[in-house]
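So the structure is just underneath, and the comments pick up after that.
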Amino acid sequence: MTETTPQTASQAAEAEADGPRDFIRDIIKGDLASGKVSGIVTRFPPEPNGYLHIGHAKSICLNFGVAGEFGGQCNLRFDDTNPAKEEQEFIDAIMEDVRWLGFDWGDNLFHASDYFDTLYGYACHLIENGLAYVDDLNGEEIREYRGTLTEPGRNSPHRDRTPAENLDLFQRMKAGEFNDGERVLRAKIDMAHGNMNMRDPVIYRIVNKPHPRTGDAWKIYPTYDFAHGQSDALEKVTHSLCTLEFEDHRPLYDWLVEHLPVPARPRQYEFSRLNLGYTVLSKRRLTQLVTEGHVSGWDDPRMPTLTGLRRRGIPPETIREFISRLGVTKQDSVVEFSLFEHCVREHLNKAAERRMAVLRPLKVVIENFPEGEVDNLDAIDNPEDPDGGSHTVPFTREIYIEQDDFMEDAPKKFFRLSLGREVRLRYAFFITCTDVIKDDAGNIIELRATYDPETRGGDAPDGRKVKGTLHWVSASHAVKAQVRLYDHLFQEESPGAGGRDYLEDLNPGSLEVIEDAMLEPSLAGWPTGKTLQFERLGYFCADRDGTADTPVFNRTMTLRDSWAKAQKKG
RNA sequence: UGGGGUAUGGUGUAACGGUAGCACGCCGGACUCUGACUCCGUCAGUCUUGGUUCAAAUCCAGGUACCCCAGCCA
18 MTETTPQTAS
28 QAAEAEADGP
38 RDFIRDIIKG
48 DLASGKVSGI
58 VTRFPPEPNG
68 YLHIGHAKSI
78 CLNFGVAGEF
88 GGQCNLRFDD
98 TNPAKEEQEF
108 IDAIMEDVRW
118 LGFDWGDNLF
128 HASDYFDTLY
138 GYACHLIENG
148 LAYVDDLNGE
158 EIREYRGTLT
168 EPGRNSPHRD
178 RTPAENLDLF
188 QRMKAGEFND
198 GERVLRAKID
208 MAHGNMNMRD
218 PVIYRIVNKP
228 HPRTGDAWKI
238 YPTYDFAHGQ
248 SDALEKVTHS
258 LCTLEFEDHR
268 PLYDWLVEHL
278 PVPARPRQYE
288 FSRLNLGYTV
298 LSKRRLTQLV
308 TEGHVSGWDD
318 PRMPTLTGLR
328 RRGIPPETIR
338 EFISRLGVTK
348 QDSVVEFSLF
358 EHCVREHLNK
368 AAERRMAVLR
378 PLKVVIENFP
388 EGEVDNLDAI
398 DNPEDPDGGS
408 HTVPFTREIY
418 IEQDDFMEDA
428 PKKFFRLSLG
438 REVRLRYAFF
448 ITCTDVIKDD
458 AGNIIELRAT
468 YDPETRGGDA
478 PDGRKVKGTL
488 HWVSASHAVK
498 AQVRLYDHLF
508 QEESPGAGGR
518 DYLEDLNPGS
528 LEVIEDAMLE
538 PSLAGWPTGK
548 TLQFERLGYF
558 CADRDGTADT
568 PVFNRTMTLR
578 DSWAKAQKKG
């Protein structure tokens, strides 16, 4: 995205003809067609005070997407104007996550802090023109003077200082003569404005904290409102896309751009942020989940952070696909989690290799299979991709099947194993259960069965059919593993709805750890970051916590399970 | 009598004065060496009241509901 040549308006409109459509893209098309702009520049402007989450992905996909579609450029710009909250750790993580999502800012990496000198000059410009003043009021007083939503504010007693006096004070703020909070610089607009943002907003404040990039160079920092629009202008951003809550900052954004000698005239457009069922997407809450230890960290696989989703095994293209299905509007909305699940399954069904793993093992002894013999069977890697290859699974006299796949008093609709019933072992043989062995407490501890050697590979030469197919693992070859089963972090679709503390809605069953899962041997050394399917169970990925001895797998997502659904209904 | 926004099936969206469409979900069925996948079918919507028009989700007027704003956060 570095050396992009701006296309002509008609070229861009044409190239875009069958792409996504929304009101933002319509505006851009119009601006290109009318000649209002000759090319598109957008930006993704994260504040480095937390990790990126799937809500940010919407903004990233929009900003980079639009730039790509119209032959423009999208900058990555850190909004690093508040050293009290921002850290290098977050800066590094954000870049990694944007790249992982699949976007490239090329050389266009910027920071609001790159413009601190220019911004300072702009502030002086405002002062010189009588449009800004240094206020001695403290925070509490400023709030009182601001008035309320329904009552106008009052002018600060310091509002009418001369430009010379203001310039002097502002320079002394910069020089570090005052403590945090002692003085601020305010734009002089209208204390009676219906829009609170226009009631002489603070544009510079004193923060005696080192900045991750500028170190101790500055004692004063611009506020978001003063930095953002001007940074956009300096970068020649044409369309500054942000979320709805900034809508009533737009008059201020415009006011500043109009009163400052900036090199360009950017426009701000707002769209609604993403809300997702069964999760929270506010930085405040996500930070709280991490700092209070409700999750293991920003990359806990239950977190909606990009790093959490990555560790969970969610491929980035599924996030992009999900976002693209959402559309871009100004309507507040909560997207059902099932749409996200659909996108993940749709992709993984095509892309993920299949392997077998037994989560809750039940031993089955095949009585007519010779002891000590190994039959190496061929299992296709992915039935959705028949040319994709295959791997070998060893079959022996003793195997494990899933406890759920056997039932003593099985109803007719139960297609799995039961005493006297015949099922297929995936890629292997038909077996028939001949005996059930229990311990003193009556728990089923082992099954006895016979197999039909004629059904090797999974088909009976006599054409006889079985209703059920089970996954299985050879007991002597099995690789023991820890498997982590994740569910929604919250048990309510809207955590905290109805005035509840959202933490009360935390799902106590969001993580279930299985210590003794049995994996087919080809799963030893499975690479992290390559999501696969455990047949009939779901999609999984190797976690970095695994060792050569005991791998650890995270469940990315279950398969749809109409049997479980039918059972629940009774 | 503060300001700014938004209203289309359960959910997310499309339709830009001319047959309300798509996707997810739900429900039912077919198929199946994954009770997966795939396929087929069903249900279901223009916030409300008026007005303009041959014709309104769309234009106009009045209601109603919901969201955002009183950080020296972004």
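Position in the first sequence (from 1) plus 17 gives the number in our numbering. By construction, the Cβ of each residue, glycine as well, lies at the ideal position given by its N, Cα and C atoms.
Check: Taking Cβ to Cβ, would you say PHE570 is nearer than 9 Å to PHE288?; Outcome: no
Check: Within 10 angstroms of its Cβ, does ASN80 collect 16 or more other Cβ (buried), or is it exposed?; Outcome: buried
Check: Would the beta-carbon of ASP504 fall within 9 Å of that of LEU540?; Outcome: no
Check: Grab me the residues of PRO180's own chain with a C-beta within less than 7 Å of its C-beta, minus the 5 sequence neighbours each way, in chain order.; Outcome: ILE144, GLU145 and GLY147
Check: Using a Cβ-Cβ cut-off of 6 Å (strictly less than) and excluding sequence neighbours within five positions of VAL530, which residues of its own chain qualify?; Outcome: ARG501
Check: Are the beta-carbon atoms belonging to ARG441 and GLY475 less than 9 Å from one another?; Outcome: yes
Check: If you count every other CB in all the chains shown that lies within 10 Å of the CB of MET373, and 16 or more means buried, which is it?; Outcome: buried
Check: With DSSP as the reference, please indicate the residues paired to ASN571 in a beta bridge.; Outcome: ARG501 and CYS558
Check: Note down, one range per segment and in chain order, each beta strand (DSSP E) of at least 3 residues found wholly within the stretch 91-151.; Outcome: 126-128
Check: Which residue wins for smallest C-alpha separation from GLU363, given the options LEU576, GLU309 and ALA149?; Outcome: LEU576
Check: Count the other CB atoms, across all protein chains shown, that sit within 10 Å of the CB of GLN247; report buried if there are 16 or more and exposed otherwise.; Outcome: buried
Check: Going by beta-carbon coordinates alone, are PRO283 and ALA250 separated by less than 9 Å?; Outcome: yes
Check: How is GLY232 classed by DSSP in three states: helix, strand or coil?; Outcome: strand
Check: Using 10 angstroms around the beta-carbon of ALA351, count the other beta-carbons present and answer buried if the total reaches 16, otherwise exposed.; Outcome: The question names Ala, but residue 351 is Val in the sequence shown. VAL351 is exposed by the Cβ-count criterion.
Check: Under the three-state reduction of DSSP, which class applies to ARG60: helix, strand or coil?; Outcome: strand
Check: Does GLU552 pass the burial test, meaning 16 or more other C-beta atoms within 10 Å, or should it be called exposed?; Outcome: buried
Check: I think LYS236 touches GLY198, with their Cβ atoms under 8 Å apart; what is that distance to the nearest whole Å?; Outcome: With 8 Å as the limit, LYS236 and GLY198 do not qualify as a contact, their Cβ atoms being about 12 Å apart.
Check: How should GLY459 be labelled, buried or exposed, when 16 other C-beta atoms within 10 angstroms of its C-beta is the threshold for buried?; Outcome: exposed
Check: For LYS582, count neighbouring Cβ atoms within 10 angstroms of its own Cβ and tell me buried if that reaches 16, exposed if not.; Outcome: exposed
Check: Do you know offhand how far GLU572's Cα is from GLY526's?; Outcome: It should be noted that the sequence gives Arg, not Glu, for residue 572. Distance between the alpha carbons of ARG572 and GLY526 is about 14 Å.
Check: Is MET213 buried or exposed, if buried means 16 or more other CB atoms sit within 10 Å of its CB?; Outcome: exposed
Check: If you drop the 5 nearest sequence neighbours on each side, which residues of the same chain put their C-beta closer than 6 Å to that of ASN385?; Outcome: THR467
Check: Please name the residue, chosen from LEU536, LEU376, THR486 and GLU353, that lies closest to SER2 on a Cα-to-Cα basis.; Outcome: Nothing can be reported for residue 2: it is not among the residues displayed for the chain, which extend from 18 to 587.
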